[in-house]
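**Q** First the structure, then my questions, so here it is.
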Amino acid sequence: MEEVTATVVMEGAVVGPEGAEATTAEKKGFKVVVAVDDSENSHYALSWAIDYILANRREDCQLVVLHVQHFVETTFMYPVAGHAVYAPTLSMDAVRKAHEENSKRVISRAVDICKSKHVDALTAVADGDPKDAICEAAEKLHADLLVVGSRGLGMIKRAFLGSVSDYLAHHAKCPVLIVKPPKGSHK
Amino acid sequence: MEEAKERTGTGKKRVMVAIEEHECSHYALEWTLLNLKPTISSPLFLITVQPFSPFTYVAAASYSSPPQELIQSMQEHQKQAALALLEKAKEICAKHGVDVETITEMGEPKEVICQVAEQQNVELLVMGSHARGAVERFFLGSVSNYCVHHAKCPVLVVKQDSGKKN
Numbered sequence: 001m002e003e004v005t006a007t008v009v010m011e012g013a014v015v016g017p018e019g020a021e022a023t024t025a026e027k028k029g030f031k032v033v034v035a036v037d038d039s040e041n042s043h044y045a046l047s048w049a050i051d052y053i054l055a056n057r058r059e060d061c062q063l064v065v066l067h068v069q070h071f072v073e074t075t076f077m078y079p080v081a082g083h084a085v086y087a088p089t090l091s092m093d094a095v096r097k098a099h100e101e102n103s104k105r106v107i108s109r110a111v112d113i114c115k116s117k118h119v120d121a122l123t124a125v126a127d128g129d130p131k132d133a134i135c136e137a138a139e140k141l142h143a144d145l146l147v148v149g150s151r152g153l154g155m156i157k158r159a160f161l162g163s164v165s166d167y168l169a170h171h172a173k174c175p176v177l178i179v180k181p182p183k184g185s186h187k
Numbered sequence: 001m002e003e004a005k006e007r008t009g010t011g012k013k014r015v016m017v018a019i020e021e022h023e024c025s026h027y028a029l030e031w032t033l034l035n036l037k038p039t040i041s042s043p044l045f046l047i048t049v050q051p052f053s054p055f056t057y058v059a060a061a062s063y064s065s066p067p068q069e070l071i072q073s074m075q076e077h078q079k080q081a082a083l084a085l086l087e088k089a090k091e092i093c094a095k096h097g098v099d100v101e102t103i104t105e106m107g108e109p110k111e112v113i114c115q116v117a118e119q120q121n122v123e124l125l126v127m128g129s130h131a132r133g134a135v136e137r138f139f140l141g142s143v144s145n146y147c148v149h150h151a152k153c154p155v156l157v158v159k160q161d162s163g164k165k166n
């Protein structure tokens, strides 16, 4: 089992103040982390979060868009006609590059959504297995709320909930909001 | 681009909080009122569901069908407890100045919560959850787990950290 390293790279301003000690009326700012992938669902979740959570508390709400890059293994085996073939380094780089391009695309699309709704968002990118990476990142970022779509890229028709969202609902330390696709559009 | 057909125009959503027989639902309610109050359209729905036939363990423990009075008194006790929880939840809402509408149902909690959420066109379902370890999570969190999977609307799961701040 490879080590899951979730390294969180923050772009933009400095990470906000600590904690979620909302015991007094003095709010230290409410940090909402939205995990996005390439799916329509996660972008809908982002829109939902902006429209219904941030819109109502613009003053002290901070939005962070989090994307987890696919973890690219260094040795990769393509089973071809029964023979295991080690992929040449060149194609490894191509794969890695494709993943990075994909990440950039996902993030920029998310940022576009934010901009169109006049919301400043920080972006964060993490590496590794999505389930753990999002959990860790949410902790490191001191998220007050984690927002995810319900079904991401591995959309099995019969499954109402993707494995990552399910994992996060169970294991994330902070409150988790799972945004289902709107009624009538079960993509 | 998303159609705006679901927007109520005021950025508010119909919110329902499931009140279960654990403190965590009150924590979830408080959290929601503290942090998401502007999102909640009036009134806030509180639902509590009493199970129909919960006492299979009583039957097992007595190796046969238990005495009727025992069942009845346990049901009565459970009903009182449920009402007390609901009252406390209403107090919490009143403290935050939020209008409340309570729904009490009988049946299998997880199914009923999802059904009512759909019937009432709830747009956000809030549940508490326990966060005390993997095994307990499987047994105790079954209602929130079920709702997260089966509710048609967005679900917010608020964990109660047992003494630990994040």
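Respectively, the protein sequence lines represent chains A and B.
Numbering of the first sequence is given in UniProt numbering, commencing with residue 1 and proceeding in unit increments.
Numbering of the second sequence is given in UniProt numbering, commencing with residue 1 and proceeding in unit increments.
Note that the Cβ used here is the ideal one computed from N, Cα and C, for glycine as well.
Would you verify that the beta carbon of H26 (chain B) is, or is not, closer than 8 Å to some beta carbon of chain A?
**A** Position 26 of the second sequence, counted from the first residue, corresponds to residue 26 (chain B). By this cut-off, H26 (chain B) is not an interface position.
**Q** What's the C-alpha gap between E101 (chain A) and L125 (chain B)?
**A** Reading the first sequence from its first residue, position 101 is the one you call residue 101 (chain A). Reading the second sequence from its first residue, position 125 is the one you call residue 125 (chain B). Between E101 (chain A) and L125 (chain B), the C-alpha separation is close to 36 Å.
**Q** Grouping DSSP H, G and I as helix and E and B as strand, with all else coil, what is P175 (chain A)?
**A** Working through the first sequence from its first residue, we reach residue 175 (chain A) at position 175. The answer is coil: DSSP assigns P175 (chain A) none of H, G, I, E or B.
**Q** Considering only the alpha carbon of each residue, which of A:I178, A:H43 and A:L146 lies closest to Y146 (chain B)?
**A** The residue you call residue 146 (chain B) lines up with position 146 of the second sequence. Cα-wise, what sits closest to Y146 (chain B) is A:I178.
**Q** Quick one: what does DSSP say K180 (chain A) is sitting in, helix, strand or coil?
**A** Looking up residue 180 (chain A) in the first sequence gives position 180. K180 (chain A): coil per DSSP, three-state reduction.
**Q** Assuming V64 (chain A) contacts A121 (chain A) (C-beta within less than 8 Å), just tell me the rounded distance between them.
**A** Here residue 64 (chain A) refers to the residue found at position 64 when the first sequence is read from its first residue. Here residue 121 (chain A) refers to the residue found at position 121 when the first sequence is read from its first residue. Between A121 (chain A) and V64 (chain A) the Cβ distance is about 7 Å, and since that is below 8 Å, they are a contact.
**Q** Does the segment 73-91 of chain B come within contact of the segment 102-113 of chain B, defined as at least 3 CB pairs closer than 8 Å?
**A** Taking 8 Å as the limit for Cβ pairs, the verdict is that the segment 102-113 of chain B does touch the segment 73-91 of chain B.
**Q** When DSSP builds the beta bridges, which residues end up paired with G128 (chain B)?
**A** As a working note, residue 128 (chain B) is residue 128 in the second sequence. Answer is B:V158, bridged to G128 (chain B).
**Q** What's the call for A94 (chain B), buried or exposed, on a 16-neighbour Cβ count within 10 Å?
**A** Indexing the second sequence from 1 puts residue 94 (chain B) at position 94. A94 (chain B) is exposed by the Cβ-count criterion.
**Q** Quick one: residues in its chain with C-beta nearer than 6 Å to the C-beta of A143 (chain A), no 5 flanking neighbours on either side, listed in chain order?
**A** The residue given as residue 143 (chain A) occupies position 143 in the first sequence. The residues are K31, V33 and C174.
**Q** Alpha carbon to alpha carbon, what distance is there between V36 (chain A) and E33 (chain B)?
**A** Within the second sequence, numbered from 1, the residue matching residue 33 (chain B) stands at position 33. Within the first sequence, numbered from 1, the residue matching residue 36 (chain A) stands at position 36. Reading off the sequence, residue 33 (chain B) comes out as Leu, not Glu. Using only the alpha carbons, I get a separation of about 26 Å.
**Q** Please report the distance separating the alpha-carbon of R58 (chain A) from that of K117 (chain A).
**A** Counting from one through the first sequence, the residue named residue 58 (chain A) turns up at place 58. Counting from one through the first sequence, the residue named residue 117 (chain A) turns up at place 117. About 12 Å.
**Q** Are the beta-carbon atoms of D99 (chain B) and L36 (chain B) separated by less than 8 Å?
**A** What you label residue 99 (chain B) is simply residue 99 of the second sequence in a count that begins at 1. What you label residue 36 (chain B) is simply residue 36 of the second sequence in a count that begins at 1. No, these two residues do not count as a Cβ contact at 8 Å.
**Q** Within the same chain, show all residues whose beta-carbon is closer than 8 Å to that of K90 (chain B), passing over the 5 residues directly before and after it, in chain order.
**A** Your numbering for residue 90 (chain B) matches position 90 in the second sequence. Hits under 8 Å: L46, V100 and T102.
**Q** What are the boundary residues of the alpha helix (DSSP H) that includes K13 (chain B)?
**A** As a first step, residue 13 (chain B) must be located in the second sequence, where it is residue number 13. Note, K13 (chain B): premise wrong, no alpha helix (DSSP H); not H, not E.
**Q** Reducing DSSP to helix, strand and coil, say where H77 (chain B) ends up.
**A** Taking the first residue of the second sequence as 1, we reach residue 77 (chain B) at position 77. Helix at H77 (chain B).
**Q** Alpha carbons only, please: which of B:Q160, B:C153, B:P154 and B:V148 is nearest the one belonging to D166 (chain A)?
**A** Mapped onto the first sequence, residue 166 (chain A) falls at position 166. Checked all of B:Q160, B:C153, B:P154 and B:V148; the closest Cα to D166 (chain A) is B:V148.
**Q** Express the C-alpha separation of N41 (chain A) and V106 (chain A) in angstroms, rounding to a whole number.
**A** Locating residue 106 (chain A) in the first sequence gives position 106, counting from the first residue. Locating residue 41 (chain A) in the first sequence gives position 41, counting from the first residue. Taking the straight line from one Cα to the other gives about 12 Å.
**Q** Nearest-angstrom Cα distance between I40 (chain B) and K97 (chain A)?
**A** The residue given as residue 40 (chain B) occupies position 40 in the second sequence. The residue given as residue 97 (chain A) occupies position 97 in the first sequence. Approximately 44 Å, taken between the alpha carbons.
**Q** What are the partner residues of residue 223 (chain B), as DSSP defines its beta bridges?
**A** The displayed coordinates of chain B run from 1 to 166. Any statement about residue 223 (chain B) would go beyond what the structure contains.
**Q** Taking a contact to mean a Cβ-Cβ separation below 8 Å, would you say I113 (chain A) touches H43 (chain A) in this structure?
**A** Here the question's residue 113 (chain A) lines up with position 113 in the first sequence. Here the question's residue 43 (chain A) lines up with position 43 in the first sequence. Yes; because the gap between Cβ atoms is below 8 Å, this pair is in contact.
**Q** Let me see if you follow: with CB-CB separation under 8 Å, is Y52 (chain A) close to chain B or not?
**A** Position 52 of the first sequence, counted from the start, is the residue given in the question as residue 52 (chain A). Output row for Y52 (chain A): interface = yes.
**Q** For A28 (chain B) versus V158 (chain B), is the C-beta distance shorter than 8 Å?
**A** Against the second sequence, residue 28 (chain B) aligns to sequence position 28. Against the second sequence, residue 158 (chain B) aligns to sequence position 158. Contact: yes.
**Q** Within 10 Å of its beta-carbon, does M180 (chain A) have 16 or more other beta-carbons around it, so buried, or fewer, so exposed?
**A** On the first sequence, position 180 is the one that residue 180 (chain A) refers to. Correcting the residue identity first, residue 180 (chain A) is Lys in this sequence and not Met. Flag for K180 (chain A) reads buried.
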